[in-house]
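Trainee: Structure below; questions to follow.
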Amino acid sequence: MVLRLQRPEKTSRTSSKPPATDRKEQREHSKPGGAKSGHEGHSRVVSDDPDAVVEHRSEACACCGASLHAALPAEVVSVAEPIELPAVAPIVTQHQR
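At position 2 of the sequence shown the residue is numbered 206 (my numbering), and the sequence of numbers has no breaks.
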């Protein structure tokens, strides 16, 4: 057991293993993934006049369970605007001669 642990690991250079089975070494100075700092994201602009507005308010505090009255001011945390496209109705035109 001790001799097996002291033996160098087999690679494609030290044995007949194919190169695809070698472990890739991590680069020491590899770049972090993601967008560069300061990059502005691309997103859709929120509509100024939506067809309907639905407010989602909690009735009770999630931590203590205290009642939250609708008369109390609430802060908008996030806005989501799913756009639903109407069903496409075909226009059939009959041409007669």
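Backbone N, C-alpha and C fix where the C-beta goes; we use that ideal spot for every residue, glycine too.
Do Arg-248 and Glu-288 have their CB atoms nearer than 9 Å?
Mentor: The residue labelled residue 248 in the question sits at position 44 within the sequence shown. The residue labelled residue 288 in the question sits at position 84 within the sequence shown. Result no, Cβ atoms of Arg-248 and Glu-288 do not sit closer than 9 Å.
Trainee: Glu-263 and Ser-271: beta carbons closer than 9 Å?
Mentor: Your numbering for residue 263 matches position 59 in the sequence shown. Your numbering for residue 271 matches position 67 in the sequence shown. Yes, Cβ-Cβ distance for Glu-263 and Ser-271 is below 9 Å.
Trainee: Who are Ala-264's beta bridge partners in DSSP?
Mentor: Numbered from 1 along the sequence shown, position 60 holds the residue referred to as residue 264. Bridge partners of Ala-264: Ser-271.
Trainee: For the putative contact between Ser-234 and Pro-223, defined by C-beta atoms under 8 Å, what is the C-beta separation to the nearest angstrom?
Mentor: Within the sequence shown, the letter at position 30 stands for residue 234. Within the sequence shown, the letter at position 19 stands for residue 223. Actually they are not in contact, since the Cβ atoms of Ser-234 and Pro-223 sit about 21 Å apart, beyond 8 Å.
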